[in-house]
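Each residue of the sequence shown is one higher than the last, beginning at 1 in our numbering.
No residue lacks a Cβ here, since even glycine has one placed at the ideal position from N, Cα and C.
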Amino acid sequence: MKFATILFSLVLALTLTAGMTATAQSDSRLLATRASTATVPTATPAPASQTFGPNLDQFPAGVSPLTGLPVTDPANLKLPAVLVSLANFPPSARPLTGLSFAPQVYEIYITEGMTRFLTVFYGDLPTTQSISTLRQAQGTASPTALPTQPAVIGAFENPGDGLAGVRSGREAYVPIVNAFPNGCLVAASKSAVVQVNICRNVFGKDPNNINSAGLTFDQMAELAEANQNPNRPVNYSGNAFSASVPAGGQTANRVEVFYSWLNQAQWQFDPTAQTYLRFEDFGVAEKAGQFRQATDRLTGEPVAFENVVVLFVEHVARTPTIIDLNMGIGQQGRAVVFRNGQAYTGLTWSMLNETYERTTGLARPVRLRNADGTPFALAPGHTWFHIATTSSAVWATDAAAGAWRYRFYAPAGAK
Numbered sequence: 001m002k003f004a005t006i007l008f009s010l011v012l013a014l015t016l017t018a019g020m021t022a023t024a025q026s027d028s029r030l031l032a033t034r035a036s037t038a039t040v041p042t043a044t045p046a047p048a049s050q051t052f053g054p055n056l057d058q059f060p061a062g063v064s065p066l067t068g069l070p071v072t073d074p075a076n077l078k079l080p081a082v083l084v085s086l087a088n089f090p091p092s093a094r095p096l097t098g099l100s101f102a103p104q105v106y107e108i109y110i111t112e113g114m115t116r117f118l119t120v121f122y123g124d125l126p127t128t129q130s131i132s133t134l135r136q137a138q139g140t141a142s143p144t145a146l147p148t149q150p151a152v153i154g155a156f157e158n159p160g161d162g163l164a165g166v167r168s169g170r171e172a173y174v175p176i177v178n179a180f181p182n183g184c185l186v187a188a189s190k191s192a193v194v195q196v197n198i199c200r201n202v203f204g205k206d207p208n209n210i211n212s213a214g215l216t217f218d219q220m221a222e223l224a225e226a227n228q229n230p231n232r233p234v235n236y237s238g239n240a241f242s243a244s245v246p247a248g249g250q251t252a253n254r255v256e257v258f259y260s261w262l263n264q265a266q267w268q269f270d271p272t273a274q275t276y277l278r279f280e281d282f283g284v285a286e287k288a289g290q291f292r293q294a295t296d297r298l299t300g301e302p303v304a305f306e307n308v309v310v311l312f313v314e315h316v317a318r319t320p321t322i323i324d325l326n327m328g329i330g331q332q333g334r335a336v337v338f339r340n341g342q343a344y345t346g347l348t349w350s351m352l353n354e355t356y357e358r359t360t361g362l363a364r365p366v367r368l369r370n371a372d373g374t375p376f377a378l379a380p381g382h383t384w385f386h387i388a389t390t391s392s393a394v395w396a397t398d399a400a401a402g403a404w405r406y407r408f409y410a411p412a413g414a415k
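This is the structure in structure tokens:
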């Protein structure tokens with residue numbers, strides 16, 4: 001039985017026990033990052049094969065509609081999301097902080113061959129306590145179960161204080177931020193001509209370090225609390241989740257990602273953990289095409305996502321360095337999903353008005369649909385979205401080996 005299915009059913013059924021010690025490093029890492037802070041939902045345990053969603057009333061109490069997994073405190077699901085603009089460039093920003101705790105990450109092209117990460121924090125925000133708990137687990141685990149925790153460096157003096165490497169807001173963020181009503185965008189300012197609304201500006205602590213802007217975990221929690229609106233209850237549903245692997249997939253053990261010569265990455269499937277491990281390049285000419293495993297600076301653990309999704313979206317270059325994304329309400333486009341070592345093509349991303357949107361006038365995050373319009377079930381867990389141009393391509397380079405490639409092509413008029 002696949003690890004993701006086991007983990008999903010055990011968390012929901014209250015049977016996670018101390019005897020469930022993984023022998024593989026990837027198993028232990030997943031247990032720490034996905035389940036260490038999760039507590040039991042109050043809903044009746046369900047079979048692992050059950051589908052949750054897509055509507056909010058189809059998720060058990062305490063289960064996040066962004067992951068299909070339980071959260072530590074169900075009350076947190078009533079708080080709006082905090083979205084943070086995190087640097088991928090310059091390469092000195094790496095390893096990034098907090099990616100392991102984000103239910104969704106949107107990788108967005110910002111021109112000149114570079115991308116930036118719009119990270120969505122919702123449900124269980126990272127806390128100093130949760131980081132400490134993970135570190136304690138690392139200290140008591142066997143050497144083969146968890147890697148040694150490296151020192152955390154960045155914008156904060158104490159390890160685990162918060163997120164570092166926050167960068168400026170981008171025009172391309174607009175439709176994504178708008179899909180999280182009451183959500184708060186945190187960024188290190190923006191250009192005067194960029195029209196995205198920033199909820200909290202943060203500034204660098206070191207004038208000689210471009211990556212020094214950040215915010216503490218307490219500040220993140222305060223922003224979520226402050227942006228509640230009792231007249232607009234949070235509803236980030238719309239996607240379905242199931243541990244059962246959908247039929248119709250093609251083998252996908254590795255996905256090569258190419259944005260530019262100095263901006264490449266790989267996703268390598270871990271069959272034990274049933275996740276895709278991210279490998280990043282070095283972003284410098286002398287090491288172009290070489291990769292290292294991406295880690296979360298907060299924990300030292302590998303960056304792993306259950307779902308990797310490519311959304312084909314029309315990009316409009318308003319200026320050579322400012323791009324609009326046409327993925328607002330009423331729009332849709334092609335999508336490819338990688339989950340459980342399988343690739344699913346012929347899917348659609350949708351921002352079309354459904355019953356909830358027509359009834360409330362509010363948006364919800366992007367939804368994934370089959371060709372017939374029915375919900376496509378994501379794997380329970382976190383999702384990484386690559387926002388591609390409509391001229392970009394995803395294809396199998398070696399079907400027998402399960403090798404795939406995602407090639408990004410910049411929009412006309414952009415640097």
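query: Between which two residues does the beta strand (DSSP E) containing residue 52 stretch?; result: Residue 52 -> no beta strand (DSSP E), and no H or E assigned at all.
query: Could you name the residues of the same chain whose beta carbon sits closer than 8 Å to that of residue 397, not counting the 5 residues immediately before and after it, in chain order?; result: 256, 403, 404 and 405
query: DSSP on residue 266, reduced to helix/strand/coil?; result: strand
query: Can you give me the start and stop residues for the alpha helix (DSSP H) that residue 177 sits inside?; result: 174–178
query: Compute the distance between the beta-carbons of residue 327 and residue 337, then report whether it is under 7 Å.; result: no
query: Let's test the definition: count the other Cβ atoms within 10 Å of the Cβ of residue 384 and tell me whether it reaches 16, buried, or not, exposed.; result: buried
query: Distance, Cα to Cα, residue 103 vs residue 400?; result: 31 Å
query: Are the segment 166–175 and the segment 197–216 touching, with three or more C-beta to C-beta distances below 8 Å?; result: yes
query: Assign residue 367 to buried or exposed, taking buried as 16 or more other Cβ atoms, counted over all protein chains shown, within 10 Å of its Cβ.; result: buried
query: Just the Cα atoms here: how many angstroms apart are residue 288 and residue 110?; result: 20 Å
query: With 16 as the cutoff for other CB atoms within 10 Å, does residue 248 come out buried or exposed?; result: exposed
query: Suppose you measure from the CA of residue 407 to the CA of residue 118; what does that come to, to the nearest Å?; result: 20 Å
query: Tell me whether residue 228 is buried or exposed, calling it buried when 16 or more other Cβ atoms sit within 10 Å of its Cβ.; result: exposed
query: So, at 7 Å on beta carbons, what are the nonlocal neighbours of residue 332 in its own chain, with the 5 sequence-adjacent residues on each side left out?; result: 348, 349, 350, 351 and 352
query: Curious, which full-length beta strand (DSSP E) runs of at least 3 residues does the segment 195–226 contain?; result: 214–216
query: Around the Cβ of residue 415, are there at least 16 other Cβ atoms within 10 angstroms (buried) or fewer (exposed)?; result: exposed
query: Short of 6 Å in beta carbon distance, which residues of its chain neighbour residue 411, apart from the five on each side in sequence? Order them along the chain.; result: 315, 317 and 389
query: Can at least three beta-carbon pairs, one atom from the segment 253–270 and one from the segment 217–227, be found at a separation below 8 Å?; result: no
query: Taking Cβ to Cβ, would you say residue 54 is nearer than 7 Å to residue 236?; result: no
query: From residue 286 to residue 243, what does the alpha carbon distance come to, in whole angstroms?; result: 42 Å
query: Using beta-carbon positions only, say whether residue 277 and residue 304 come within less than 7 Å of one another.; result: yes
query: Grouping DSSP H, G and I as helix and E and B as strand, with all else coil, what is residue 116?; result: strand
query: Do residue 72 and residue 298 have their beta-carbon atoms positioned less than 7 Å apart in this structure?; result: no
query: By the 10 Å Cβ neighbour count, where 16 or more other Cβ atoms means buried, how is residue 100 classified, buried or exposed?; result: buried
query: Do residue 95 and residue 295 count as a contact pair if the criterion is CB distance below 7 Å?; result: yes
query: In chain order, what are the residue ranges of uninterrupted alpha helix (DSSP H) at least 4 long that sit wholly in the segment 315–362?; result: 355–360
query: Got a sec? Which residues, its chain only, sit under 6 Å from residue 51 by beta carbon, not counting five neighbours each side?; result: 240, 242 and 377
query: Report buried or exposed for residue 194, applying the criterion of at least 16 other Cβ atoms within 10 angstroms of its Cβ.; result: buried
query: Taking 7 Å as the threshold (C-beta atoms), are residue 300 and residue 67 in contact?; result: no
query: Quick check on DSSP: helix, strand or coil for residue 370?; result: coil
query: When the distance is taken between beta carbons, is residue 74 closer than 7 Å to residue 87?; result: no
query: When you compare only the Cα positions, how much space is there between residue 149 and residue 293?; result: Low per-residue confidence applies at residue 149: pLDDT is 26, beneath 50, and the placement is therefore not dependable enough to give any value.
query: Leaving out five residues on either side along the sequence, give the residues of the same chain with a beta carbon under 6 Å from the beta carbon of residue 175.; result: 325, 327 and 328
query: Quick check on the burial criterion: 16 or more other C-beta atoms within 10 angstroms. Buried or exposed for residue 421?; result: Outside the shown range of the chain, which is 1 to 415, sits residue 421, and nothing can be said about it.
query: With DSSP collapsed to three states, give me the class of residue 411.; result: coil
query: Take residue 270 as the anchor and find which of 209, 253, 80 and 413 has the nearest alpha-carbon.; result: 253
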